[in-house]
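Peer 1: Please see the structure below; I have some questions.
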Amino acid sequence: MSQYAFIDIPFNFRHTCWFCGEPASRSFDFPKNPKNIHFLEHAPMSIPACSECAVVNVAADTASIWAVRDHVKHALMDKYASHLAIGQNWTEEELEESEFSGALLGGFGESAWKMYLIAKQRISYPGWQVAVDGITVEGESEAYGFEFDGVRYMSLNTCINHLIKSLRLDKELLPELVDILGPERLDYALKIGKLNKAIIPYQRNKILDEVRQQVEDRKDIERQAARAGDFTEVEAIQVGDGLATVESIQWALNNDILDLPTLCQQEDVFFDEFAHLGGPQCYMNYYGLQLYFEARQDAKWVEANDPNKAFFEV
Ligand SMILES: [Zn+2]
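The numbering of the sequence shown is the working numbering, which starts it at 342 and goes up by one.
Right under this line is the structure:
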């Protein structure tokens with residue numbers, strides 16, 4: 342039935358589709374046409390597959406089983422986009438508590454959550470290690486995929502496109518939001534996207550401006566929070582014959598004095614602040630701090646010698 346040697350199948354998986362975890366009744370022969378064997382990076386192989394995965398067609402020049410898998414998962418994702426959207430639109434509790442009728446859920450009715458879970462499991466199914474006659478097929482990328490809400494996608498882009506399609510979101514808003522907020526805040530970006538499905542460019546720009554402002558404000562708050570501490574972790578620094586003491590470095594940081602020119606401007610303030618040490622001590626403290634700030638003008642020196650550098654970076 343299969344054209345090539347089957348990949349090695351662990352006992353527990355002997356009736357399982359390698360692509361999606363459903364019961365396997367057929368095989369995916371790779372390549373489907375033996376004429377294309379020369380495109381392959383590894384030996385040709387037959388893979389146990391369910392009836393749906395087995396019939397997915399891949400390009401003639403597909404080079405590896407990993408590319409095949411990407412393609413099969415894409416096909417499943419497209420096919421079950423509406424099922425996957427259920428979980429993105431509602432939580433299980435919302436579905437249970439509500440009286441959604443079949444019509445509202447596009448005919449899924451009471452089994453909606455189950456349909457969602459099945460689709461999600463099939464897309465996320467990792468398969469097992471691929472080997473032919475005990476020889477492992479290498480090449481699966483460590484960085485493979487992007488996970489969101491328990492579903493593994495081929496990439497961040499695939500995920501975004503899938504969300505846009507299945508939730509009928511504005512095509513430009515979500516990618517732009519992810520650019521501003523970063524992939525780690527996709528959840529938040531998606532919430533904004535869902536609330537603003539039908540928008541004109543003017544509204545989209547307004548939303549994006551607002552989010553940009555939020556990000557800026559958040560950075561400010563983080564910066565202030567980082568500065569607000571007493572810098573208890575600061576270490577004294579010996580530079581040449583001068584010593585920048587913990588107290589003087591803390592004083593500079595607390596007063597937002599982060600470079601030599603600013604320090605020089607604030608010299609008098611320093612001497613007022615440290616007058617209680619007495620003239621010579623006060624001078625030695627300033628001298629040490631000055632040498633330290635001078636040394637800090639050299640980025641390489643900072644990198645190699647300054648245990649306090651993080652305090653100056655925020
Ligand atoms: Zn399958």
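Here a beta-carbon is modelled for each residue, glycine too, at the ideal position from N, C-alpha and C.
1) Between Ile540, Tyr543, Arg493, Ile548, which has its C-alpha nearest valine 519's C-alpha?
2) At a cut of 8 Å, does the region 502-515 reach the region 415-425 through at least three beta carbon pairs?
3) Can you tell me whether glutamate 363 is buried or exposed, with buried defined as 16 or more other CB within 10 angstroms of its CB?
4) Buried or exposed for cysteine 394, going by 16 or more other Cβ atoms inside 10 Å?
5) Can you tell me which of the three DSSP states glutamine 607 falls into?
6) If I follow the unbroken alpha helix (DSSP H) through glycine 629, where does it start and stop?
7) What's the gap between the Cα of asparagine 398 and the Cα of methionine 418?
8) Of all the alpha helix (DSSP H) runs that stay within the bounds of the region 575-601, which reach a length of 4 or more residues?
9) Quick check on the burial criterion: 16 or more other C-beta atoms within 10 angstroms. Buried or exposed for isoleucine 578?
10) Taking only the alpha-carbon atoms, compute the straight-line gap between valine 478 and glutamine 638 and give it to the nearest angstrom.
11) What is the DSSP secondary structure of aspartate 402, reduced to helix, strand or coil?
12) Ligand 1: which residues have Cβ under 5 Å from any of its heavy atoms, chain order?
13) What first and last residue would you give for the beta strand (DSSP E) that runs through aspartate 370?
14) Check whether the region 535-553 and the region 586-598 are in contact - that is, three or more C-beta pairs closer than 8 Å.
15) Per DSSP, what kind of secondary structure is valine 519 in: helix, strand or coil?
Peer 2: Based on what the coordinates show:
1) Ile548
2) The region 502-515 and the region 415-425 touch, with no fewer than 3 CB-CB distances between them shorter than 8 Å.
3) buried
4) buried
5) Coil, per DSSP.
6) 620-636
7) 15 Å
8) 587-595
9) buried
10) 52 Å
11) coil
12) Cys358, Phe360, Cys361, Glu363, Cys391, Cys394
13) 367-371
14) no
15) Per DSSP, reduced to three states, the secondary structure at valine 519 is helical.
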